[in-house]
Amino acid sequence: MKIATWNINGVKARIDNLLTWLKDSQPDIVCLQEIKSVDENFPRLEIEALGYHVETHGQKGFNGVAILSKLRFDEVTCRLPGNDGDDHARFIEGVFSTSAGVLRVVSLYLPNGNPVGTEKFTYKLGWMERLEAWAKDRLALEEPIVLAGDYNVIPQPIDAKNPDVWVNDALYQPESRSAFRQLSLLGFTDSIRAVTDEALYTFWDYQAGAWQKNNGIRIDHLMLSPEAARHLDAASVEKHVRAWEKPSDHVPAVVELALDAA
DNA sequence: ATGGTCGTGATACGA
């Protein structure tokens with residue numbers, strides 16, 4: 001089963017790219033972030049025509065997450081618990097049935113957190129604390145879980161072409177990286193790092209020729225619970241998508257799990 | 001060192 005995460009930076013601007021990529025890559029489950037659309041305007045018909053079920057958690061203008069799945073959704077839950085005042089659309093969880101039992105897949109869009117030293121950074125760290133609490137809770141179920149999305153965290157120096165320029169950025173603060181590391185300490189596996197030590201990026205800024213210089217960062221991650229990691233066959237980044245016409249600034253990251261639909 | 005680019009939706013704002 002192929003599961004992907006992709007920050008598409010506006011679903012309406014990216015619908016042609018998205019449909020092309022779905023046909024090319026044939027993922028079974030896709031986690032999208034930054035759909036920048038309300039649920040009513042999400043282009044679900046074209047996606048459903050390719051055989052996907054569609055669940056969205058959008059809002060006007062910015063943020064917004066979605067899950068597309070060839071498997072039927074058994075359950076859908078929106079919003080990360082722990083702060084009822086948080087009205088950002090950044091979290092959606094789908095539950096599916098596989099030959100090996102339940103599979104949980106989350107599409108998350110973690111706050112950017114810039115600039116450091118403002119309430120935006122505090123919000124990011126608070127969100128990460130809530131995510132850790134959620135992860136602890138779900139791990140107790142001992143189920144395959146794929147925690148996928150735009151984490152807005154550069155885990156290690158190797159995950160940036162020029163780590164030095166990120167030292168004052170929220171994506172590379174010790175607090176951000178430490179909070180990300182907590183997921184690993186809980187038992188989640190960074191799928192890319194389970195298969196390779198090479199420098200790989202998932203985001204290249206639109207500005208200053210970042211793509212042409214391969215000045216990228218790896219901030220989109222698929223974190224696997226132990227029960228998912230034991231089924232991991234492959235993990236990769238679909239870098240070629242960044243060279244398409246009218247690209248998102250992020251590309252899809254993908255895992256292949258040895259699980260079949262029920 | 002500075003300014004550089006996008007998407008949304010109609011204007012600044014977020015990234």
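Each residue of the first sequence is one higher than the last, beginning at 1 in the UniProt record's numbering. Here a beta-carbon is modelled for each residue, glycine too, at the ideal position from N, C-alpha and C. On a predicted model such as this, the values are computed, not experimentally measured, just so you know.
Indicate whether Val254 and Ala100 have their beta-carbon atoms separated by less than 7 Å.
No, the Cβ-Cβ distance between Val254 and Ala100 is not below 7 Å.
How would you write the range of the alpha helix (DSSP H) that Ala228 sits in, first residue to last?
Note, Ala228: alpha helix (DSSP H), 226-229.
With a threshold of 16 other CB atoms inside 10 Å of the CB of Arg90, please say whether the residue is buried or exposed.
Arg90 comes out buried.
For Tyr52, does the count of other Cβ atoms within 10 angstroms reach 16, so buried, or fall short, so exposed?
With 16 or more other Cβ atoms within 10 Å, it is buried.
Within the continuous alpha helix (DSSP H) that includes Ile47, where are the two ends?
Segment 44-48, the alpha helix (DSSP H) holding Ile47.
Could you pull out every unbroken beta strand (DSSP E) segment of at least 3 residues lying fully inside the stretch 75-108, listed in chain order?
Correct list: 75-78, 91-98.
Between the Cα of Pro174 and those of Pro252, Pro157, Ala210, Leu224, spot the shortest distance and give me the residue it belongs to.
Nearest option by C-alpha distance: Pro157.
Taking Ala229 as the reference, give the member of Glu129, Leu200, Asp164, Leu257 with the closest Cα.
Here the closest residue by C-alpha is Leu257.
Mind listing, in chain order, the continuous alpha helix (DSSP H) runs of no fewer than 4 residues lying wholly within the stretch 151-230?
You should have 174-186, 191-195, 226-229.
Using only CA atoms, which one of Arg104, Ser176, Gln26 lies nearest to Tyr123?
The candidate whose alpha carbon is nearest that of Tyr123 is Ser176.
Name the residue from Asn214, His250, His240, Leu186 whose alpha carbon lies nearest to the alpha carbon of Phe203.
Looking at the Cα atoms, His250 is the closest of the given residues.
Quick check: the Cα distance between Lys60 and Lys36, rounded to an integer number of angstroms?
Answer to the nearest angstrom: the Cα atoms are 6 Å apart.
For Tyr201, collect the residues of the same chain with a Cβ closer than 6 Å to its Cβ; drop the 5 residues on either side in sequence, then sort them by chain order.
Only Gly216, Ile217, Arg218 meet the Cβ criterion.
Rounded to a whole number of angstroms, what is the C-alpha to C-alpha distance between Lys161 and Ala140?
So the two alpha carbons sit approximately 37 Å from each other.
Give me the DSSP bridge partner(s) of Lys2.
DSSP output for Lys2 lists Glu256 as bridge partner(s).
Could you pull the DSSP bridge partners for Gly149 from this structure?
Looking at the DSSP assignment, Gly149 forms a beta bridge with Leu108, His221.
Which value, in whole angstroms, describes the spacing of the CA atoms of Asp154 and Trp127?
Note that residue 154 is Ile in the sequence shown, not Asp. Cα to Cα, Ile154 sits roughly 16 Å from Trp127.
If I follow the unbroken beta strand (DSSP E) through Glu55, where does it start and stop?
That run of the beta strand (DSSP E) goes 53-57.
What's the call for Tyr109, buried or exposed, on a 16-neighbour Cβ count within 10 Å?
Looking at its Cβ environment, which holds 16 or more other Cβ atoms inside 10 Å, Tyr109 is buried.
Between which residues of its own chain and Asp39 is the CB-CB distance below 7 Å, once the five residues before and five after are set aside?
Result list for Asp39: Thr56, Gly58, in chain order.
Would you report the Cα separation of Ala179 and Leu125, rounded to the nearest angstrom?
Cα to Cα, the separation comes out at about 8 Å.
Kindly list the residues whose CB is nearer than 8 Å to the CB of residue 286, restricted to its own chain and excluding five residues on each side of it in sequence; keep chain order.
Outside the modelled stretch of the chain, which goes from 1 to 262, sits residue 286, for which no answer is possible.
Arg193 to Leu183, Cα distance in whole Å?
Going by the C-alpha atoms only, they are around 14 Å apart.
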